[in-house]
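Those protein sequence lines, which keep their order, are chains A and B.
FYI, the numbering for the first sequence is 1 to 265, going by this note's numbering.
FYI, the numbering for the second sequence is 266 to 594, going by this note's numbering.
Here the structure is laid out as structure tokens; the discussion comes afterwards.
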Amino acid sequence: MLLKTKQLSKSFGGLKAMNKVDFELPKNEIRGIIGPNGSGKSTFFNLVSGIYDSDPGSYIEFDGHDITFTPPHEIASYGLSRTFQLLRLYQDMTVINNVMSGYHTRVPYKFFDAVIGRKKIWDQERAIKEEMMELLSFVGLADYAELNASELSGGQRRLLVLARAIAMKPKLLMLDEPAAGLSPVNVDNLMKIIMQLKEKYGLTLIIIEHILKVVMDTCNSVTVFDHGQKIAEGNPAQVKDDNAVIEAYLGKKMDDEEMRKALAV
Amino acid sequence: MEKFKSIIRDYPFIAFIIAFVILAFVPSVVFTDVYQSHLATLIFVNIVVAAGLNIVKGYCGQVTVGHVGLFAVGSYTAGTLFLYLGLGFWVTLPIAIIVTAFFGVAMGIPSFRLEGPYLALATLGGGEAIRLFIENGNFFRSTFGISDIPTPSLMGFNFDSPDRYYFISMTVMIIAVYFSFSILRSGVGRAFMSIREDPICAAAAGINVKKYKILAFILSAMFAGAAGAVYAHMPPGYIHPNNYTVIEMVTFLAMVVLGGLGHIWGGIIGAIVITIVYDLTRPLYKYQLLIFGLTIVLTILFMPKGLGGFIDRYFLEKRFKKKTGTEKT
């Protein structure tokens, strides 16, 4: 198992944002996470990536490390990368610097070498830049490398965030609504790029997405959250027909008798 | 030319050695009187402070208004070491840098919790506290200031006049700028920038936010300490608490803002311009604060990236046009 949680809980005051979730994710899987707004999908991401501290009694394991109370930067150094729903782009940095800052955990030299400014540093920096330029041209942003990130369009920003998350060569990539606000053509394009990146880097993916078509088409398995609880899990076809899921999204499924009664009023 | 460029790219310090040689000939070729050397020394001191301030404010995005306090710590470490132990420049400079680094840690700790204007208030308090502490103790000779701090001498040669001290301040400046240049060009500079832009995302990308924040404060404090020591030993070797007030802080801030926050040469450009303007407007001393306040406001309004960013932008747009053949929208 690459990622495993046991009894994962988080409460904000009286609100149980995440309530005793057991979650397991094997390597090389593409897992979709769906659920209505406020069901705890993003909270799950924040707990796993260490942005929030989980409540006592929770347990999170990633790639053999216990990361329950580990600070986020250490979790990232184990190879867990994530994107944010609100992108959190480094607006005032150039596109190439955005991507290169994602490389941070892999920077090979020590601080002291950087202060002295040894030749080794500049060689390595150039190698990093070349590698990141390759990544940028892979997602199609190479022409914009020197521009500020704030000058990109919405779709390009999504691609940049993706490239930045990939830059650290993660084992697990968690995407929080990667396609939100994109037109259908761009969604297809983005999903194609994500799949190519998965093949290229051997990633395991968790995708939160509201566009169900994307989830059903690309994911091997789907987990459904509602009110901070896991209500269903399985392959896309199973989950689609699951009563609890339909209830969470649309309300209770009624048979004909119940329907007649309800309408008769 | 191409070969020369690639050599510079591999060994940037060669460019700094060239700059050193050029600057070394400036006094004998350009300057007409001693006062200009004195002014040049002031510029160099300000460059060192501004380069340090650019690390913590421009790159790491931590709004500190107490930097002048750190500058004072550097000066007074050098001053008191001379006063009580009779130590000279070559000893006081490194000690001043180390002591100021510790004060930098103290100044940086509030940044774990506070942001933006609140951090500015906390650091303002820190800076003022340092000044008041110096001002109210006879230990620091606050009433008359510490005077006759000796100029350094090297192998029998004494740098005892402004046109000789020029070489000391220039050397310190070149070394400091070289360090700031290599730090900011490396991954450390990128980590600083990520923290400025978005600390949460930076943490998720594997950057230890607390460590890098405190590192930025320590580095910039070391710059301020070095500048303070050089300032203290500058002929005529006199320091007084009145030289470390909020007014000085505003000029330091004006330097960094005008030069370009987060631009690698930002503090340096700003320090040169502001120091010269400061000197030219000396007859209008009543309005100086007004002038620098206005400079900060107008720069932020009309040139948010300062002179450095303005120049960069010009070349960037030229390159972009050449590459894609289109205007950027």
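C-beta: ideal position from N, C-alpha, C; glycine also.
Residue i to residue j span [Cα, whole Å]
i, j, result
"Ile206 of chain A", "Ser77 of chain A", "18 Å"
"Lys16 of chain A", "Met100 of chain A", "37 Å"
"Ala272 of chain A", "Asn28 of chain A", "Outside the shown range of chain A, which is 1 to 265, sits residue 272 of chain A, and nothing can be said about it."
"Gly202 of chain A", "Lys171 of chain A", "8 Å"
"Lys6 of chain A", "Asp66 of chain A", "11 Å"
"Val215 of chain A", "Val222 of chain A", "8 Å"
"Arg584 of chain B", "Thr94 of chain A", "14 Å"
"Ile26 of chain A", "Ser39 of chain A", "A small correction: the amino acid at residue 26 of chain A is Pro; Ile does not occupy that position in the sequence shown. Roughly 23 Å between the two C-alpha positions."
"Ile75 of chain A", "Leu449 of chain B", "25 Å"
"Ala237 of chain A", "Leu212 of chain A", "12 Å"
"Ser412 of chain B", "Arg406 of chain B", "9 Å"
"Gly369 of chain B", "Leu389 of chain B", "13 Å"
Own chain partners of residue i with C-beta closer than 7 Å, once the 5 adjacent residues on each side are dropped
i, result
"Ser426 of chain B", "Val299, Pro500"
"Ile51 of chain A", "Pro72"
"Leu318 of chain B", "His332, Ser485, Phe517, Val521, Gly532"
"Ile576 of chain B", "none"
"Ile565 of chain B", "Val522"
"Ile561 of chain B", "Leu518, Ala519, Val522"
Environment of residue i [buried if 16+ CB atoms lie within 10 Å]
i, result
"Ser153 of chain A", "exposed"
"Tyr103 of chain A", "buried"
"Val294 of chain B", "exposed"
"Asn98 of chain A", "buried"
"Ser183 of chain A", "exposed"
"Trp530 of chain B", "buried"
"Lys478 of chain B", "buried"
"Asp428 of chain B", "buried"
"Phe45 of chain A", "buried"
"Thr297 of chain B", "exposed"
Candidates the options, of which the one nearest residue i by Cα
i, options, result
"Pro415 of chain B", "B:Ile374, B:Ile439, B:Ile504, B:Ile399", "B:Ile504"
"Leu190 of chain A", "A:Phe138, A:Gly13, A:Ile116", "A:Phe138"
"Ala289 of chain B", "B:Ala387, B:Ile439, B:His498, B:Gly334", "B:Ile439"
"Leu331 of chain B", "B:Phe309, B:Ala441, B:Val511, B:Leu348", "The sequence given here has Gly at residue 331 of chain B, not Leu. Gly331 of chain B has its Cα closest to that of B:Val511, out of B:Phe309, B:Ala441, B:Val511, B:Leu348."
"Gly155 of chain A", "A:Phe12, A:Lys129, A:Val185, A:Met133", "A:Val185"
"Arg455 of chain B", "A:Met259, A:Met1, A:Glu125, A:Asp63", "A:Glu125"
"Ile371 of chain B", "B:Ile287, B:Gly392, B:Phe354", "Going by the sequence as given, residue 371 of chain B is Ala instead of Ile. Residue B:Gly392 is the option with its Cα nearest to Ala371 of chain B."
"Leu119 of chain A", "B:Ile561, B:Phe409, B:Ser447, B:Met266", "The residue asked about is misnamed: residue 119 of chain A is Lys in this sequence, not Leu. Ranking B:Ile561, B:Phe409, B:Ser447, B:Met266 by Cα distance to Lys119 of chain A puts B:Ser447 first."
"Leu526 of chain B", "B:Gly351, B:Ile320, B:Phe567", "B:Ile320"
"Ser418 of chain B", "B:Arg578, B:Phe296, B:Gly353, B:Phe367", "B:Gly353"
"Ile193 of chain A", "A:Gly181, A:Ala180, A:Leu162, A:Asn220", "A:Leu162"
Cut-off 6 Å between Cβ atoms - residues of its own chain near residue i, not counting five sequence neighbours on either side
i, result
"Ala232 of chain A", "Val224, Val239, Asp242, Ala244, Val245"
"Arg164 of chain A", "Asn98, Val99, Gly102"
"Val364 of chain B", "Thr342"
"Lys41 of chain A", "Ile33, Gly35, Ile208, Phe225"
"Thr594 of chain B", "Note that Thr594 of chain B scores a pLDDT of 48, beneath 50, so its modelled location is shaky and nothing firm can be said."
"Tyr431 of chain B", "Pro292, Ser302, Ala305, Thr306"
Sub-9 Å separation of residue i and residue j beta-carbons
i, j, result
"Ala385 of chain B", "Ala497 of chain B", "no"
"Gly573 of chain B", "Ile534 of chain B", "yes"
"Leu159 of chain A", "Leu173 of chain A", "no"
"Thr218 of chain A", "Leu3 of chain A", "no"
"Leu135 of chain A", "Ile166 of chain A", "yes"
"Ala114 of chain A", "Ser459 of chain B", "no"
"Phe482 of chain B", "Gln327 of chain B", "yes"
"Val495 of chain B", "Val313 of chain B", "yes"
"Phe84 of chain A", "Asp176 of chain A", "yes"
"Leu348 of chain B", "Ile360 of chain B", "no"
"Met168 of chain A", "Thr105 of chain A", "yes"
"Ala284 of chain B", "Ile273 of chain B", "no"
"Tyr90 of chain A", "Glu462 of chain B", "yes"
"Phe457 of chain B", "Tyr324 of chain B", "yes"
"Glu61 of chain A", "Met1 of chain A", "yes"
"Asn150 of chain A", "Ala470 of chain B", "The sequence given here has Ser at residue 150 of chain A, not Asn. Contact flag unset, no."
"Ser11 of chain A", "Asp55 of chain A", "yes"
"Ile395 of chain B", "Ala315 of chain B", "no"
"Ala536 of chain B", "Leu358 of chain B", "no"
"Ser340 of chain B", "Asn508 of chain B", "yes"
"Phe111 of chain A", "Val474 of chain B", "no"
"Lys588 of chain B", "His528 of chain B", "no"
"Phe488 of chain B", "Ala441 of chain B", "yes"
"Ile96 of chain A", "Ala145 of chain A", "yes"
Neighbour list for residue i in chain D, Cβ cutoff strictly below 8 Å
i, result
"Ile121 of chain A", "The structure shown contains no chain D; its protein chains are A and B."
Spatial neighbours of residue i in its chain, beta-carbon cut-off 8 Å, leaving aside the 5 residues before and after
i, result
"Ile556 of chain B", "Val542, Thr546, Leu549"
"Ser434 of chain B", "Ala305, Thr306, Phe309, Val310, Val495, Met499"
"Phe278 of chain B", "Tyr443"
"Tyr356 of chain B", "The sequence given here places Val at residue 356 of chain B; Tyr does not occur at that position. Here the set comprises Leu346."
"Pro108 of chain A", "Gln124"
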